[in-house]
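Q: Numbering (this note's numbering), first residue to last: 6 to 290. All C-beta atoms in this analysis are idealised placements derived from N, C-alpha and C, irrespective of residue type, glycine included. Can you read through this structure? Questions will come right after.
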């Protein structure tokens, strides 16, 4: 298995990505706020990278990608989803599993509301909330730490606290640098757009999804309400809402030995269902 890096120019930003040489259905992984594609290193360093074409990229204003050319437009959930769609189109991807973590999960749901390539959706640390403040309050813990998600300028103390919220005591040394590098205008813009109820109603998207939706969270996630996930009337929930024991907000990083087999099994389900639907369409035609 080999991993290659390249930069894709989109109208909003130049996106840096990594992809594995696996030939199976692509799995596109979208990181959270203040992070980068490096957070998925433990998926790339696993059999998943041989079985599937893993693709991870840095969102605009993160990692090795450029800041947005038009922050007011790009730094919203809708804007980030449109940029992701441009990336998929540039890579010629017409079917894929989308795995979104935290902010990346919200981007993934928005993407799934309009892009034809989505065959399966996996969410981690991402409550699919209804539009506006009330929906946000139902899905997230209401505490002072949540203000960090919308704060434009971080102090060193803010960086340390945000790192702890995301990774507990398991962070790689590079993760703090990723938080420091992040364009703070994105945090402010995304928070404004979500509280204003812009973009798709994410709860409805998940409830009416025509493809499998997987939900995998950490047992001790400090940011999201695990009880909320049980209130969503999923139309096509895969198995059940999985909880990784002993993990926090980033179970795929903290406990890849438990997380990766779930992602692999979910991918197998999506591939089989996608093949079945294709065969039925061929027979009908």
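#1: For residue 124, which three-state DSSP category applies?
#2: Quick check on residue 187: buried or exposed, where buried means 16 or more other Cβ atoms within 10 Å of its Cβ?
#3: Which residue from 79, 211 and 147 puts its Cα closest to that of residue 242?
#4: Would the region 203-210 and the region 219-228 be scored as touching if the rule is three or more Cβ pairs under 8 Å?
#5: Short of 6 Å in beta carbon distance, which residues of its chain neighbour residue 250, apart from the five on each side in sequence? Order them along the chain.
#6: Please return the same chain residues whose Cβ sits closer than 7 Å to the Cβ of residue 86, not counting the five positions on each side in sequence.
#7: As a quick exercise: from 38, 168 and 10, pick the residue whose alpha carbon is nearest that of residue 191.
#8: Relative to the C-alpha of residue 274, which residue among 130, 288, 101 and 96 is closest?
#9: On the DSSP bridge list, what partners appear for residue 24?
#10: Kindly indicate which residue of 197, 130, 176 and 22 has the alpha-carbon position closest to the one of residue 95.
#11: With a cut-off of 8 Å on the beta carbons, I'd call residue 106 and residue 57 a contact; round off their distance for me.
#12: How is residue 261 classed by DSSP in three states: helix, strand or coil?
#13: Look up residue 220 in the DSSP assignment and give the residues it is bridged to.
#14: Using 8 Å as the limit for Cβ to Cβ distance, is residue 137 near chain B?
#15: Closest to residue 135 by CA distance: which of 59, 29 and 238 is it?
#16: Assign residue 114 to one of three DSSP states: helix, strand, or coil.
#17: With distances taken from CA atoms, which of 177, 137 and 184 is nearest residue 156?
#18: Going by CA-CA distance only, name the one from 78, 103 and 30 that's closest to residue 62.
#19: To which residues does DSSP link residue 33 through a beta bridge?
#20: Would you mind sorting residue 121 into buried or exposed? The rule is 16 or more other CB atoms within 10 Å of its CB.
#21: Would the beta-carbon of residue 88 fall within 8 Å of that of residue 15?
#22: Between 258, 255 and 219, which has its C-alpha nearest residue 272's C-alpha?
#23: Buried or exposed: residue 119, going by 16 or more other Cβ atoms within 10 Å of its Cβ?
#24: To which residues of the same chain is residue 75 closer than 7 Å at the C-beta, ignoring the five residues directly before and after it?
#25: Using a threshold of 8 Å, state whether the C-beta atoms of residue 261 and residue 42 are closer than that.
A: In this structure, then:
#1: Looking up residue 124 in the chain shown gives position 119. Three-state result, residue 124: strand.
#2: Here residue 187 is taken as the residue at index 182 of the chain shown, counted from 1. Burial call: buried.
#3: For the purposes of this step, residue 242 is taken as the residue at position 237 of the chain shown. Of the candidates 79, 211 and 147, the one whose C-alpha sits nearest the C-alpha of residue 242 is 211.
#4: no
#5: Walking along the chain shown from the start, residue 250 turns up at place 245. Here the set comprises 224.
#6: For the purposes of this step, residue 86 is taken as the residue at position 81 of the chain shown. Cβ within range, chain order: 112, 115 and 116.
#7: Taking the chain shown and counting its residues from 1, one reaches residue 191 at position 186. Comparing Cα-Cα distances from residue 191 to each of 38, 168 and 10, the minimum goes to 38.
#8: As a working note, residue 274 is residue 269 in the chain shown. The shortest C-alpha separation from residue 274 is found at 101.
#9: Residue 24 sits at position 19 when you count from the first residue of the chain shown. According to DSSP, which records beta bridges pairwise, residue 24 is partnered with 9 and 60.
#10: Position 90 of the chain shown, counted from the first residue, corresponds to residue 95. Measuring from the Cα of residue 95, the nearest candidate turns out to be 22.
#11: Here the question's residue 106 lines up with position 101 in the chain shown. Here the question's residue 57 lines up with position 52 in the chain shown. So it is not a contact: roughly 17 Å between Cβ atoms.
#12: The count along the chain shown starts at 1 and reaches residue 261 at position 256. Of the three classes helix, strand and coil, the one that applies to residue 261 here is helix, per DSSP.
#13: Along the chain shown, read from residue 1 onward, the residue named residue 220 stands at position 215. Its beta-bridge partners are 128.
#14: Given the protein chain composition of this structure (a single chain), no chain B is represented.
#15: Start at 1 with the first residue of the chain shown, and residue 135 comes out as number 130. Closest by alpha carbon: 238.
#16: One-based indexing of the chain shown puts residue 114 at position 109. Residue state, collapsed to three classes: helix.
#17: Here residue 156 refers to the residue found at position 151 when the chain shown is read from its first residue. Considering only alpha carbons, the answer is 184.
#18: What you label residue 62 is simply residue 57 of the chain shown in a count that begins at 1. Among 78, 103 and 30, the Cα nearest to that of residue 62 is on 103.
#19: As a working note, residue 33 is residue 28 in the chain shown. Residue 33 pairs with 60 and 103.
#20: Translated into the one-based positions of the chain shown, residue 121 becomes position 116. Classification for residue 121: exposed.
#21: For the purposes of this step, residue 88 is taken as the residue at position 83 of the chain shown. For the purposes of this step, residue 15 is taken as the residue at position 10 of the chain shown. Yes, the Cβ-Cβ distance between residue 88 and residue 15 is below 8 Å.
#22: As a working note, residue 272 is residue 267 in the chain shown. Minimum Cα distance to residue 272 is reached at 219.
#23: Position 114 of the chain shown, counted from the start, is the residue given in the question as residue 119. Residue 119 is exposed by the Cβ-count criterion.
#24: Within the chain shown, the letter at position 70 stands for residue 75. These residues qualify, in order along the chain: 17.
#25: Looking up residue 261 in the chain shown gives position 256. Looking up residue 42 in the chain shown gives position 37. No. Outside cutoff.
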